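Those protein sequences? They're chains A and B, same order as listed.
Going by our numbering, the first sequence runs without a break in its numbering and finishes at 126.
Going by our numbering, the second sequence runs without a break in its numbering and finishes at 143.
C-beta atoms are modelled at their ideal positions from N, C-alpha and C, and glycine is treated no differently.
Since the model is a prediction, treat every value here as computed from it, not as a measurement.
See below for the structure under consideration.
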Amino acid sequence: MSLPFINKVREKRFFANEMTQQALADKVGVTRQTIMAIEKGKYSPSLEVAFRIAVAFNTHLEDVFIYVGDAE
Amino acid sequence: MDMSFKEKSAWISLFSTVLIFGYYFYSVFQLSDLPVEQAKEVAKGLLIRAIVLSVIVEIIFHGMLAATNHKAAEMGADERDKLFEYRGNNFGYSILVIGVLFTLGRIITLEYNPQWNEHSSSLQIPLLTAHILMFSFILSEVARFAGQIYYYRRGY
Chain A
55 MSLPFINKVR EKRFFANEMT QQALADKVGV TRQTIMAIEK GKYSPSLEVA FRIAVAFNTH
115 LEDVFIYVGD AE
Chain B
-12 MDMSFKEKSA WISLFSTVLI FGYYFYSVFQ LSDLPVEQAK EVAKGLLIRA IVLSVIVEII
48 FHGMLAATNH KAAEMGADER DKLFEYRGNN FGYSILVIGV LFTLGRIITL EYNPQWNEHS
108 SSLQIPLLTA HILMFSFILS EVARFAGQIY YYRRGY
């Protein structure tokens, strides 16, 4: 399954002092496996979780998730 | 294998259900050799034993899982867990509906054609209708857990 957006969660974690997946998961209120699935682009999070991730990095939603459209 | 708390829980439920009720149904099929009254008593005992064992195994293993994953157990299901649970439930429900419709069809068919009941002597298991319903229910449970695990392994 390819999602119509890419994400910069891994990159944002790196620039947030190598924040661990578990630390991000705790902040967002999901499991570490869910963060992992989001990073790999396997799982499309709800809008609420997407916002929570952006807030965890103190940034805007569009800085973390970028819409690229459906692959032809 | 990197598994979430809920996936581990689904594996425990799948294994315990398959093993306990697999043995139960295997034992029920052996009852056709016994006299009807005796077979009824044995079947009742087998069912009670399977249910009690299933509850005990679930409590012990889920207790152990929760004790070793305290934080995850307290957090409960997140949105991805809930999505996979919902999809698994849908899958299990479909199996259950098929089982119930099959049982209904069997009851109605035998009501209008009682002679078929006498001819189907190969399966002289007491409370056969109850066992078919029970089998459908257990199969739907297995499908539910297997479905959840499938989505967890697939990742989305």
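Candidates the options: which alpha carbon is nearest residue i's?
{"i": "residue 90 of chain B", "options": "B/76, B/121, B/101", "result": "B/121"}
{"i": "residue 126 of chain B", "options": "B/-9, B/2, B/-10", "result": "B/2"}
{"i": "residue 79 of chain A", "options": "A/55, A/95, A/104", "result": "A/104"}
{"i": "residue 133 of chain B", "options": "B/-3, B/24, B/23, B/54", "result": "B/-3"}
{"i": "residue 117 of chain B", "options": "B/71, B/68, B/86", "result": "B/86"}
{"i": "residue 56 of chain A", "options": "A/98, A/107, A/115, A/113", "result": "A/98"}
{"i": "residue 82 of chain A", "options": "A/116, A/100, A/68", "result": "A/100"}
{"i": "residue -6 of chain B", "options": "B/77, B/6, B/49, B/5", "result": "B/49"}
{"i": "residue 43 of chain B", "options": "B/4, B/77, B/57, B/20", "result": "B/4"}
Report the CB separation of residue i from residue j in whole angstroms; it is logged as a contact under 8 angstroms.
{"i": "residue 130 of chain B", "j": "residue 79 of chain B", "result": "5 angstroms"}
{"i": "residue 27 of chain B", "j": "residue 114 of chain B", "result": "7 angstroms"}
{"i": "residue -8 of chain B", "j": "residue 37 of chain B", "result": "About 26 angstroms separates the two Cβ atoms, so there is no contact after all."}
{"i": "residue -11 of chain B", "j": "residue 75 of chain A", "result": "That belief does not hold up - the Cβ atoms of residue -11 of chain B and residue 75 of chain A are roughly 10 angstroms apart, past 8 angstroms."}
Would you kindly check if the distance between the Cβ of residue j and the Cβ of residue i is under 8 angstroms?
{"i": "residue 119 of chain A", "j": "residue 61 of chain A", "result": "yes"}
{"i": "residue 124 of chain B", "j": "residue 83 of chain B", "result": "yes"}
{"i": "residue 33 of chain B", "j": "residue 15 of chain B", "result": "yes"}
{"i": "residue 0 of chain B", "j": "residue 61 of chain B", "result": "no"}
{"i": "residue 66 of chain B", "j": "residue 84 of chain A", "result": "yes"}
{"i": "residue 96 of chain A", "j": "residue 138 of chain B", "result": "no"}
{"i": "residue 112 of chain B", "j": "residue 18 of chain B", "result": "yes"}
{"i": "residue 75 of chain B", "j": "residue 135 of chain B", "result": "yes"}
{"i": "residue 59 of chain B", "j": "residue 72 of chain B", "result": "no"}
What separation, rounded to the nearest whole angstrom, lies between the Cα atoms of residue i and residue j?
{"i": "residue 10 of chain B", "j": "residue 141 of chain B", "result": "30 angstroms"}
{"i": "residue 122 of chain A", "j": "residue 58 of chain A", "result": "6 angstroms"}
{"i": "residue 63 of chain A", "j": "residue 93 of chain A", "result": "6 angstroms"}
{"i": "residue 69 of chain B", "j": "residue 89 of chain A", "result": "15 angstroms"}
{"i": "residue 47 of chain B", "j": "residue 95 of chain B", "result": "42 angstroms"}
{"i": "residue 52 of chain B", "j": "residue 72 of chain A", "result": "29 angstroms"}
{"i": "residue 13 of chain B", "j": "residue 55 of chain B", "result": "34 angstroms"}
{"i": "residue 23 of chain B", "j": "residue 35 of chain B", "result": "18 angstroms"}
{"i": "residue 104 of chain B", "j": "residue 20 of chain B", "result": "18 angstroms"}
{"i": "residue 81 of chain B", "j": "residue 101 of chain B", "result": "29 angstroms"}
{"i": "residue 70 of chain A", "j": "residue 106 of chain A", "result": "15 angstroms"}
{"i": "residue 117 of chain A", "j": "residue 67 of chain A", "result": "13 angstroms"}
{"i": "residue 28 of chain A", "j": "residue 77 of chain B", "result": "Because chain A in this structure spans residues 55 to 126, residue 28 of chain A falls outside the shown range and cannot be described."}
Could you tell me which chain B residues have their CB closer than 7 angstroms to the CB of residue i, listed as they occur along the chain?
{"i": "residue 55 of chain A", "result": "143"}
{"i": "residue 103 of chain A", "result": "66"}
{"i": "residue 91 of chain A", "result": "67, 142, 143"}
Which residues in chain A have a C-beta closer than 9 angstroms to the C-beta of residue i? List them in chain order.
{"i": "residue -9 of chain B", "result": "85, 86, 87, 88"}
{"i": "residue -3 of chain B", "result": "What residue -3 of chain B touches in chain A: nothing, since even the nearest Cβ is about 13 angstroms away."}
{"i": "residue 53 of chain B", "result": "Result: empty, since nearest Cβ-Cβ is about 15 angstroms, beyond 9 angstroms."}
Could you work out which residues of chain A lie near residue i, taking near to mean beta carbons separated by less than 8 angstroms?
{"i": "residue 140 of chain B", "result": "Correct list: empty, because the minimum Cβ distance to chain A is about 11 angstroms."}
{"i": "residue 117 of chain B", "result": "What residue 117 of chain B touches in chain A: nothing, since even the nearest Cβ is about 40 angstroms away."}
{"i": "residue 59 of chain B", "result": "85"}
Using a Cβ cut-off of 9 angstroms, pull out every chain B residue sitting near residue i, in sequence order please.
{"i": "residue 96 of chain A", "result": "141, 142, 143"}
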